[in-house]
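Engineer: Got a structure here, written out as structure tokens. Questions coming.
Number of protein chains: 2
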Amino acid sequence: MSIKKAAIGIDIGGTNTVIGVVNPEGKIMVKSSINTPGHGDVGKYVADLSEAVNELINSVKLLNDELEIAGIGIGAPGANYYTGTIEYASNLSFDGEVPLVKLLRGYFPSLNAIVMTNDANAAVLGEMIYGGAKGMKNFVMYTLGTGVGSGVVVNGDVVYGSDGFAGECGHTMLVPGGRPCGCGTPGHLEAYCSATGMKRTAFELLAHYNDCNSLLADKSYRELDSKMIFDAAVKGDKIALEVFEKTGWWLGIGLADTVHYLSPEAIFLFGGPTAAGDLIFKPTKESMEKHLLPFYKNKVKILPSELKPGDAAILGSSALVWKELEK
Amino acid sequence: MSIKKAAIGIDIGGTNTVIGVVNPEGKIMVKSSINTPGHGDVGKYVADLSEAVNELINSVKLLNDELEIAGIGIGAPGANYYTGTIEYASNLSFDGEVPLVKLLRGYFPSLNAIVMTNDANAAVLGEMIYGGAKGMKNFVMYTLGTGVGSGVVVNGDVVYGSDGFAGECGHTMLVPGGRPCGCGTPGHLEAYCSATGMKRTAFELLAHYNDCNSLLADKSYRELDSKMIFDAAVKGDKIALEVFEKTGWWLGIGLADTVHYLSPEAIFLFGGPTAAGDLIFKPTKESMEKHLLPFYKNKVKILPSELKPGDAAILGSSALVWKELEK
Numbered sequence: 033m034s035i036k037k038a039a040i041g042i043d044i045g046g047t048n049t050v051i052g053v054v055n056p057e058g059k060i061m062v063k064s065s066i067n068t069p070g071h072g073d074v075g076k077y078v079a080d081l082s083e084a085v086n087e088l089i090n091s092v093k094l095l096n097d098e099l100e101i102a103g104i105g106i107g108a109p110g111a112n113y114y115t116g117t118i119e120y121a122s123n124l125s126f127d128g129e130v131p132l133v134k135l136l137r138g139y140f141p142s143l144n145a146i147v148m149t150n151d152a153n154a155a156v157l158g159e160m161i162y163g164g165a166k167g168m169k170n171f172v173m174y175t176l177g178t179g180v181g182s183g184v185v186v187n188g189d190v191v192y193g194s195d196g197f198a199g200e201c202g203h204t205m206l207v208p209g210g211r212p213c214g215c216g217t218p219g220h221l222e223a224y225c226s227a228t229g230m231k232r233t234a235f236e237l238l239a240h241y242n243d244c245n246s247l248l249a250d251k252s253y254r255e256l257d258s259k260m261i262f263d264a265a266v267k268g269d270k271i272a273l274e275v276f277e278k279t280g281w282w283l284g285i286g287l288a289d290t291v292h293y294l295s296p297e298a299i300f301l302f303g304g305p306t307a308a309g310d311l312i313f314k315p316t317k318e319s320m321e322k323h324l325l326p327f328y329k330n331k332v333k334i335l336p337s338e339l340k341p342g343d344a345a346i347l348g349s350s351a352l353v354w355k356e357l358e359k
Numbered sequence: 033m034s035i036k037k038a039a040i041g042i043d044i045g046g047t048n049t050v051i052g053v054v055n056p057e058g059k060i061m062v063k064s065s066i067n068t069p070g071h072g073d074v075g076k077y078v079a080d081l082s083e084a085v086n087e088l089i090n091s092v093k094l095l096n097d098e099l100e101i102a103g104i105g106i107g108a109p110g111a112n113y114y115t116g117t118i119e120y121a122s123n124l125s126f127d128g129e130v131p132l133v134k135l136l137r138g139y140f141p142s143l144n145a146i147v148m149t150n151d152a153n154a155a156v157l158g159e160m161i162y163g164g165a166k167g168m169k170n171f172v173m174y175t176l177g178t179g180v181g182s183g184v185v186v187n188g189d190v191v192y193g194s195d196g197f198a199g200e201c202g203h204t205m206l207v208p209g210g211r212p213c214g215c216g217t218p219g220h221l222e223a224y225c226s227a228t229g230m231k232r233t234a235f236e237l238l239a240h241y242n243d244c245n246s247l248l249a250d251k252s253y254r255e256l257d258s259k260m261i262f263d264a265a266v267k268g269d270k271i272a273l274e275v276f277e278k279t280g281w282w283l284g285i286g287l288a289d290t291v292h293y294l295s296p297e298a299i300f301l302f303g304g305p306t307a308a309g310d311l312i313f314k315p316t317k318e319s320m321e322k323h324l325l326p327f328y329k330n331k332v333k334i335l336p337s338e339l340k341p342g343d344a345a346i347l348g349s350s351a352l353v354w355k356e357l358e359k
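Residue numbers (the numbering used here), protein chains in the order written: chain A, 33 to 359; chain B, 33 to 359.
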């Protein structure tokens, strides 16, 4: 039986804007992309984006002319769910605030739902609608990458807070006065538990042990990445193994804080470092349990995201549409 | 015009159980109390408590025989909103779990609402229904006392989480490996920002500066309390002033984390140390602002609770009833 409805998911990144048509079960039917920068101004960017969306819609309608497009969901860094505006768009090379939802409405006036949130909140919704958090009412998701993003679900809804920007758990304090964080405040969880944080830990450990025999000892700072640390750990490299131990220790402290704030049913981890499996999940779980108040112990699951890394952003963005139409 | 409805608020503490009849505007009309321990067993305690509640109801009905009792709200440490059970009642000298709501229902079968939560969540509801958080949908409250309690409101509802125990922000990590905390994990916010934490800071500073001239230098550890630190600070005592500076610094770091998690409209502070006014609020606000991500700065209010300290527990417990009847 052919499906009747689909949602458009748009993931706006610094380099590319990826667009997908997604069915209610979370299957991406077709996708395409345009550059994010290089359109001259925001007005032209939105015009070009709308054209690409329409092309995609037309291509799926050739296969199924009864298909109804339920809406457009957009994930973008610095996006505000309440206002439909990208408020901190500097890394997208736009000037000032971008009222993206309003601009898109001009091109798609008949759509019920055009909704936007930041990329981490979109990932959380993707997990809830299509992934491992189906049916969960209280959970949190951490995305470990260059930085650490996060999203929070309470009573079945993503928490946006009073101004639309809740869920920046990566920027909570882990070590006061510790490592500089990209945001300016030293010591944040992001500076320790991101993929970048793992690389920093590796170099600290190489220096600490003065270890020239480690598999990581022939990499420059610029070239080392978390995948190389993983590969070295699999081969039994002591420095690399200790990087995972320490990262898990720090992340577990942060996750214990999360449990103390919110008492979630589960905490999902997403992103490159989670591909290391037990190497990262085991020390994280042990540290979290050690740091929990007694009555939280052995209750909260730490789970890998069930979304495919390459699809997660589009799936999450499209999930915004189904969530909005539930209301 | 005489009021038509009132709620019973019960605050169960380690020593006393205080009962009050509260009108919808948050005025306590009458109150009484019984001992918490010393009733033999839980069954007898609940029987005696019910008798005291009925006496109180009868006394107000003498003045207004049309008064309807809308329900009973109970605040108790370790109480679970979902199950109506006091699960960690050791400091109440009860053995094991106490199904208090179920037991009380046996005595008040006709009441629509018999509801219980922990004391910090009750305080949060009191602030929302009667106090400074009226109309707020997203806020957090910290209660600074022997320990640090907290409660979280998201989208107009207290966050209980998946198991009923969310909102333990006092037990989030501030200084890994730092001061021992009563819960067993060193370095929690409670160990630094509670009234007890202030006393610990005072003694650390006396030792650090080897200061025999401080007004606090003639107090033993057992006798020093946060009120004495306040009195000394008002007189310009350097150690006492630095205690407030440091406490505010630490608390501000914790509140910045809270903002990054939840983006609340305001954070309320309640408890003895808040009577010091600017001495504690000013360094707390400065530290919070310093530690916030740029897009949160100058948005989040830090406010003193508007509930009278002596009444807050009963008011909060009674507020549970009005909140429950909204549903």
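Ideal Cβ positions, reconstructed from N, Cα and C, are used throughout, including at glycine.
From a predicted model like this one, the values you see are computed outputs, not experimental measurements.
1. What in chain A is Cβ-close to B:THR306, meaning under 7 Å?
2. Could you tell me the distance, in whole angstroms, from the CA atom of B:GLY229 to the CA atom of B:PRO109?
3. With a threshold of 16 other CB atoms inside 10 Å of the CB of B:VAL266, please say whether the residue is buried or exposed.
4. Under a three-way DSSP split, which group does A:TYR114 fall into?
5. Alpha helix (DSSP H) containing A:THR279: first to last residue?
6. Cutting at 7 Å between CB atoms, please list the residues of its own chain near A:VAL130, excluding the five before and the five after it.
7. Leaving out the 5 sequence neighbours to the left and right, which residues in its chain are closer than 7 Å to B:ILE346 when beta-carbon positions are compared?
8. Three-state secondary structure (DSSP) at A:ALA38?
9. Which residues in the same chain as A:VAL172 place their Cβ atom closer than 6 Å to its Cβ, once the five residues preceding and following it in sequence are excluded?
10. Just list the residues that DSSP pairs B:ALA298 with in beta bridges.
11. Should B:THR47 be labelled buried (16 or more other beta-carbon atoms within 10 Å of its own) or exposed?
12. So, is the C-beta of B:VAL207 closer than 9 Å to a C-beta in chain A?
13. Could you please give me the residues that DSSP links to B:LEU176 through a beta bridge?
14. Using a 10 Å radius around the Cβ and a threshold of 16 neighbouring Cβ atoms, would you call A:CYS201 buried or exposed?
15. Is DSSP giving B:GLU236 helix, strand or coil here?
16. Residues of the stretch 181 to 194 of chain B in Cβ contact with chain A at a cutoff of 8 Å, in chain order, please.
17. Could you name the residues of the same chain whose beta carbon sits closer than 8 Å to that of A:LYS329, not counting the 5 residues immediately before and after it, in chain order?
18. Quick check: the stretch 131 to 145 of chain A against the stretch 153 to 160 of chain A, are at least 3 beta-carbon pairs closer than 8 Å?
19. Report the start-end ranges of each alpha helix (DSSP H) in the stretch 34 to 96 of chain A that is 4 residues or longer and not cut off at the edges.
20. Kindly give me the distance between the Cβ atoms of B:GLY284 and B:GLU318, rounded to whole angstroms, as I take these residues to be in contact under 8 Å.
21. One question on the structure: do A:GLY105 and A:LEU352 come within less than 9 Å of each other, judged by their Cβ atoms?
22. Between the stretch 266 to 281 of chain B and the stretch 308 to 317 of chain B, can you find at least three pairs of beta-carbon atoms closer than 8 Å?
23. Return the CA-CA distance between A:VAL78 and A:LEU136, expressed in angstroms with no decimal places.
24. Applying a beta-carbon distance threshold of less than 9 Å, which residues of chain B neighbour A:ASP310?
25. According to DSSP, is B:THR204 part of a helix, a strand, or is it coil?
26. Given that A:ILE285 touches chain B, what residues does it touch there, using C-beta distances under 8 Å?
27. Can you confirm whether B:MET152, when its beta carbon is compared against all beta carbons of chain A, has any partner nearer than 9 Å?
28. For the stretch 180 to 195 of chain A and the stretch 249 to 259 of chain A, state whether three or more C-beta atom pairs, one from each stretch, are separated by less than 8 Å.
29. Straight-line CA distance for A:PHE262 to A:ALA308?
30. With distances taken from CA atoms, which of B:TYR174, B:ALA111, B:HIS203 and B:VAL332 is nearest A:ALA288?
31. Taking the beta carbon of B:CYS213 as the centre, do at least 16 other beta carbons fall within 10 Å, making it buried, or is it exposed?
32. Can you tell me whether A:SER125 is buried or exposed? The criterion is at least 16 other CB atoms within 10 Å of its CB, across all chains shown.
33. Can the beta-carbon of A:VAL180 be found closer than 9 Å to that of A:ALA234?
34. Can you pull the chain B residues whose beta carbon is under 8 Å from the beta carbon of A:PRO296, in chain order?
35. Identify, in the order they occur along the chain, each residue of the same chain with its Cβ nearer than 8 Å to the Cβ of B:LEU324, setting aside the five sequence neighbours on each side.
36. How would you write the range of the beta strand (DSSP E) that A:GLU100 sits in, first residue to last?
Structural biologist: So, from the listed chains and residues:
1. Neighbours of B:THR306 across chain A, judged by C-beta separation under 7 Å, do not exist; the nearest C-beta is about 21 Å away.
2. Rounded to the nearest angstrom, the two C-alpha atoms are 20 Å apart.
3. Exposed: under 16 other Cβ atoms inside 10 Å.
4. In the displayed model, A:TYR114 falls within coil according to three-state DSSP, outside both helix and strand.
5. Unbroken alpha helix (DSSP H) run through A:THR279: 270 to 294.
6. Closer than 7 Å at Cβ, skipping near neighbours: VAL74, THR117, ILE118 and ALA121.
7. If we look at B:ILE346 and ignore the five residues flanking it on each side, its Cβ neighbours are GLY41, ASP43, VAL50, GLY52, VAL54, ILE60 and LYS63.
8. Residue state for A:ALA38 is assigned as strand, using DSSP reduced to three classes.
9. Take A:VAL172, set aside five residues on each side of it, and the residues of its chain with a beta-carbon closer than 6 Å to its own are VAL184, THR290, PRO296 and ILE299, in chain order.
10. Per DSSP, B:PHE171 and B:LYS333.
11. Label assigned to B:THR47: exposed.
12. For B:VAL207, at least one C-beta of chain A is nearer than 9 Å to its own C-beta.
13. According to DSSP, which records beta bridges pairwise, B:LEU176 is partnered with B:VAL180.
14. With 16 or more other Cβ atoms within 10 Å, it is buried.
15. Secondary structure at B:GLU236: helix, using DSSP grouped into helix, strand and coil.
16. Against chain A - using a Cβ distance shorter than 8 Å - the residues of the stretch 181 to 194 of chain B are VAL184, VAL186, ASN187, ASP189, VAL191, TYR192, GLY193 and SER194.
17. Around A:LYS329: GLU321.
18. With a cut-off of 8 Å on Cβ pairs, the stretch 153 to 160 of chain A is not in contact with the stretch 131 to 145 of chain A, counting fewer than three such pairs.
19. You should have 74 to 95.
20. About 7 Å; that satisfies the 8 Å criterion.
21. In this structure, A:LEU352 lies closer than 9 Å to A:GLY105 by Cβ.
22. These segments touch.
23. Cα-Cα distance, rounded: 7 Å.
24. Correct list: empty, because the minimum Cβ distance to chain B is about 24 Å.
25. It is coil, neither helix nor strand.
26. Result: MET205 and PRO208.
27. In the sequence as displayed, the identity of residue 152 of chain B is Ala instead of Met. Interface annotation, B:ALA152: not in contact with chain A, CB-CB separation never under 9 Å.
28. Taking one beta carbon from each stretch, the stretch 180 to 195 of chain A and the stretch 249 to 259 of chain A have fewer than 3 pairs nearer than 8 Å; the two do not touch.
29. CA-to-CA, the gap between A:PHE262 and A:ALA308 works out to about 6 Å.
30. Of B:TYR174, B:ALA111, B:HIS203 and B:VAL332, the residue nearest in Cα terms is B:HIS203.
31. So B:CYS213 counts as buried.
32. Burial call: exposed.
33. Not closer than 9 Å, so no.
34. Ordered by position in chain B, the residues that pass the 8 Å Cβ test against A:PRO296 are GLY193 and SER194.
35. Excluding sequence positions up to five before and after B:LEU324, its CB lies within less than 8 Å of the CB of ALA288, VAL291, HIS292 and VAL332, all in the same chain and listed in chain order.
36. Judged by DSSP secondary structure, A:GLU100 falls within the beta strand (DSSP E) whose first and last residues are 100 to 107.
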